[in-house]
Amino acid sequence: MRLGRYELTLEPRPAVSAVYTVLTAVVAILLALALSSFLFLSADASLLGAYRAVFSYAFFNPRGILATVQRAIYLLFCTYAFLVPLRAGLWNIGLPGQVFAGALAAFAVPFVLRAQEAQTLALAPGLLILLMVAAAAAAGAMLGGFAGLLRARLQVNEILVTMMLNSILFWLVAYMIKEGGPFMGATAEGEGFTLPAPLTAPLLRGVPFTAALALGAAVLLDLLFAKTALGYRIRAFGENPAAARYGGISPVALSLLVFLLGGAFAGLAGYHAFTAVPGVYKIPGNYGFYGDLAFYGIISALIARGSAVGAVPIAVLFAGLSLGARFAQGALHLPFGVDYALLGLLMMTFIASHALYQFRLAWRRVPSEVLQPAPTELPEG
Amino acid sequence: MPLTLPADRAPTEPILAARGITKRFPGVLALDHVDFEVQAGDVHAVLGQNGAGKTTLMNILFGLVQPDEGALYLRGQRVHFRSPHDAIAQGIGMVHQTRRLVAAHTVLENIVLGHPRVRGFLNLRGARREVEALCNRYGFTVDLGARVWQLSEGERQWVEILKALYGGAKILILDEPTSVLTPPEVKTLLAGLQALVRDRGVTVLLVTHKLPVVMAASHRVTVFRSGSVVARLRTGEATEEILVQHMIGREVAFRTADRSAEAGRPLLHVEQVSAFNDRGLLALRDLSFSLRAGEVLGVAGVTGNGQEELAQVLAGLRPVTSGKVRFADRDVTHLSPLERWRMGVGYIPAERIEVASIAAFSLVENTALNYHFDPAFTPRGLLDDAGLDQLTRRILSAYNVKAPHQYARARHLSGGNLQRLILGRVLSRRPRLLIAHLPTQGLDVEATAFVRAKLLDARAEGAAVLLISEDLDEILSLSDWVAPIYEGRFVAVLLREQADSETVGAMMAGLQKEAGAR
């Protein structure tokens, strides 16, 4: 854009410091909150009261903060499930399907071992819980690996395959838990059976042990990518598949591996959501909501730019704001869907902030020779 | 219809002329005061090696590139093409080396696409009648309803030619039209072009580096070398030998390879290897040779004759359809690239940026591309950052790579510096077989000399070197054996002493000759 003798240009930014990265994230959050004030205009309370309701429930209310943590753990596993294939340049859009596969596998363990009642446990509860975790991860990995294998061997687009698997798994869950299905609950209609108390995930200070898994995985994943030969191969493949192949990295093995690993994390998300969150301990009738929520893993992986540790605060923020906005919606009679609208705004400002990160606006003085009209024809000769 | 030439013009006046054209690209003088003329109704061949400037001139004639100096004349009138739009409006059409068609659309839709009359509403029925009439007139048989992806490469090329004619082209520029075609398709193409010229007065500009194509299909030929026109001939008065001399010049190649080194034992045997290229055409045809440790085999050829596929087959990146590769007394035909790196195969690909390096990675990480599998640099599965750092710094200093530091991104290196890094990285593995594909392409004189010296050092240390190059001087100055490659075969494998630039140049261009084969 040219204004008189000056020109406004978008220039690539050479390198970005960590401080600047955090600063753009903070600006994005503030901007999203400012924009969301339009949503609160119809609120009974003042604008300030609406914000206070959102934040106080999400981060300061004892019940609310627990819910925030539970949801953040879920989002984090979903984030890793997307992030690992992403580092290899592949897109795992199959998070809901892999979450459902993990949930079904987790519930299959007590079902198969006839441990649906606390009195009939065949094995020690600790062992059964371990089996459930392993089964959930394995089932998610298998579903992810299926897409990875098709991609690696036959160049079938992984986005299409995982999307279709999402739909298949959604209906498989419906079949399993609805009336007459194998996992049908004893009393409730349209819900899965409830886990016996000994098989629910152990709590540490009110928080399920999956929190430790999620935080540990964040550190291990970042170490994997930064320090190990395997992580190097994944990154090399993601940056330039042709160069990776030239350097002896097998595309088939690598595509399969990242999808196995990603799927396993989604399976763990499924385990966490349905067997570890106090008050749930079953596949509820509205399980589809968790499938939709899983997609926020994609957003937080993209915003964190591939860093698992960097995704932790983002997942916490998404979890807190979505719960807080839902609470405020009820408390202050805000319009329906305010929570999703807030997440949507946050997504947009985060993604817009990426432009700031790669480019900067610059004023340049236009050199005077450019301003002179160009000759319409070259000189004869 | 716009497909007949005005008859009132004397045949000697050029229909299209470029005068005093100069074009500079950063660091390269692509065209140096070139004068070029085309007579109406001719098939005019534009001959030259890669980088001779012929494609740049064609792009200028088509308005894709603006000349720095000089002017274009169409039928004696000064013209100025700001974009291909202007050129098309003046009746110039171009068929590029790579197809520019929408694969999922039909032939008819592709032909109509971009036509100036097509605005908003598409009258496909009317267009079909017009295109059918055009086909009948020229005797083309193309199924207008077929989808482009179903067509062979030769048919796709006809679609583009039809598209240009439908757009009103009277002058047709074809850039390397035969490079992607099978021999029968080439025959059909050349016959079709001659019919166009003979019966319809279309003028054809045929850019090529293949002598048989020039001899078979053109009326006149202009030979380019290093950005200048070196000869203008009537094809009838030329011979393939004369054209070769013009194309490669007469400079005497000076040898630098020291021939006193005793050649070692046979290390690599390639037996009757055939392989497809990415388009599914046979790129290597029953190719055989062997190579000893401490020898350089120079594969001389014009790009697109199977060189890249040969390098990839040897590196394990491309499967063979038949034949065998034996390396160090082992059948390696089906081994993966990784296993070959471990056995001591080193590969320097032609594509530095696309294949041999990772632009977003630091130089240390780029070094790791050839070391991530090496147990010495991956203790317990961890990358040995300190070791790689040290190795990279050693490579940077030993190979004169100009970089701010070893953690700079590869994308910030110039082509020459990147190539030094890649060369140093591959050679630091001390490969027993080194495959070097276009190792000095685009490098300046100093970097070229450096890379060549390092290749000879590797040879002196006992590596078998397969040097693939288009530069005859380079091949002749470094090689112990010279193998001109043409259409997927070695025309011969000559001892360096038996190879002179004219013989090899002729063989590269497809001229068969009896020679002492190995």
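In order, the protein sequence lines correspond to chains F and V.
For the first sequence, our numbering gives the first residue as 144, with consecutive numbering after it.
For the second sequence, our numbering gives the first residue as 7, with consecutive numbering after it.
Idealized CB from N, CA, C, for every residue including glycine.
I need the DSSP call for residue i, collapsed to helix, strand or coil.
i, result
"P73 of chain V", "coil"
"W234 of chain F", "coil"
"A24 of chain V", "strand"
"Q278 of chain V", "strand"
"F456 of chain V", "helix"
"P272 of chain V", "strand"
"P345 of chain F", "coil"
"T446 of chain V", "coil"
"I392 of chain F", "coil"
"E166 of chain V", "helix"
"F408 of chain F", "helix"
"V361 of chain V", "coil"
"T384 of chain V", "coil"
Tell me the rounded alpha-carbon separation between residue i and residue j.
i, j, result
"A354 of chain F", "P427 of chain F", "22 Å"
"H39 of chain V", "K29 of chain V", "8 Å"
"A455 of chain V", "N406 of chain V", "13 Å"
"G473 of chain F", "F367 of chain V", "50 Å"
"S485 of chain V", "G242 of chain V", "36 Å"
"I21 of chain V", "M100 of chain V", "16 Å"
"G335 of chain F", "F502 of chain F", "50 Å"
"S185 of chain V", "V52 of chain V", "14 Å"
"L338 of chain F", "Y424 of chain F", "6 Å"
"A466 of chain V", "S434 of chain V", "15 Å"
"R342 of chain F", "A409 of chain F", "In the sequence under discussion, the amino acid at residue 342 of chain F is Leu, which differs from the Arg named in the question. Roughly 20 Å between the two C-alpha positions."
"V401 of chain F", "G291 of chain F", "8 Å"
Residue i CB to nearest chain V CB: under 8 Å?
i, result
"N309 of chain F", "no"
"Y375 of chain F", "yes"
"N300 of chain F", "no"
"S393 of chain F", "yes"
"R388 of chain F", "yes"
"A258 of chain F", "no"
"A379 of chain F", "yes"
Step through the CB atoms of chain F and report whether any lies within less than 8 Å of the CB of residue i.
i, result
"I401 of chain V", "no"
"W347 of chain V", "yes"
"S363 of chain V", "yes"
"Y79 of chain V", "no"
"F146 of chain V", "no"
"E360 of chain V", "yes"
"S342 of chain V", "yes"
"F367 of chain V", "yes"
"P355 of chain V", "yes"
"A281 of chain V", "no"
"L316 of chain V", "no"
"L433 of chain V", "no"
"T309 of chain V", "no"
"F333 of chain V", "no"
"F31 of chain V", "no"
"F295 of chain V", "no"
Just to make sure I have the definition right: I need the residues of chain F whose C-beta is within less than 7 Å of the C-beta of residue i. Which are they?
i, result
"L168 of chain V", "Those within 7 Å of L168 of chain V in chain F number zero; the least Cβ separation is about 32 Å."
"N376 of chain V", "G390"
"L239 of chain V", "What L239 of chain V touches in chain F: nothing, since even the nearest Cβ is about 26 Å away."
"T104 of chain V", "Simply none; closest approach about 18 Å."
"T509 of chain V", "The premise fails here: T509 of chain V is roughly 34 Å from chain F at the closest Cβ pair, so nothing lies under 7 Å."
"T384 of chain V", "A372"
"F379 of chain V", "G391"
What residues of chain F sit near residue i, judged by a beta carbon separation below 8 Å?
i, result
"G387 of chain V", "T371, A372 and L373"
"L323 of chain V", "R388 and Y389"
"T398 of chain V", "Simply none; closest approach about 14 Å."
Give me the Cβ distance between residue i and residue j, rounded to the nearest whole Å; I'm assuming they're in contact under 8 Å.
i, j, result
"G82 of chain V", "E182 of chain V", "That belief does not hold up - the Cβ atoms of G82 of chain V and E182 of chain V are roughly 29 Å apart, past 8 Å."
"V242 of chain F", "A412 of chain F", "5 Å"
"V279 of chain V", "V208 of chain V", "The Cβ separation is near 42 Å, so there is no contact."
"S465 of chain F", "D482 of chain F", "5 Å"
"T104 of chain V", "R153 of chain V", "19 Å between Cβ atoms; not a contact."
"V276 of chain V", "L293 of chain V", "6 Å"
"F289 of chain F", "G405 of chain F", "So it is not a contact: roughly 12 Å between Cβ atoms."
Kindly list, in the order they appear in chain V, the residues whose Cβ is closer than 7 Å to that of residue i.
i, result
"A385 of chain F", "E360 and V361"
"E382 of chain F", "I364, A366 and F367"
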